[in-house]
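J.: Pasting a structure here, questions to come.
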Amino acid sequence: LWSLIKTKVSNQKPKTIKNLKRAIYKEWNDLPPELASKLVWSMKNRVRDLIESEGEYILY
Numbered sequence: 219l220w221s222l223i224k225t226k227v228s229n230q231k232p233k234t235i236k237n238l239k240r241a242i243y244k245e246w247n248d249l250p251p252e253l254a255s256k257l258v259w260s261m262k263n264r265v266r267d268l269i270e271s272e273g274e275y276i277l278y
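Below you can see the structure in the form of structure tokens.
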């Protein structure tokens, strides 16, 4: 999620902190609700994979 926002904000090349904040808020607000829903529902699988890997790196 944050990687997506970072990419979109970086593409805008904000020059000031004010513009950076504005871009972050805009991209956050423009995220489709379905994306958040997908991330929430995938959390069960992510946690399961993390437990099975005993805390080692997983694909997420």
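If you count the sequence shown from 1, position 56 lands on 274 in our numbering, and the numbers rise without skipping.
Cβ atoms here follow ideal geometry from the backbone N, Cα and C, with glycine treated the same way.
#1: Between the segment 222-232 and the segment 242-254, are three or more C-beta pairs nearer than 8 Å?
#2: Please name the residue in Leu249, Lys236, Arg240 and Ile235 whose C-alpha comes closest to that of Ser221.
#3: Tell me the rounded alpha-carbon separation between Lys281 and Ile223.
T.: In short, the structure shows the following:
#1: yes
#2: Leu249
#3: A query on residue 281 cannot be resolved here, the shown segment of the chain reaching from 219 to 278 and no further.
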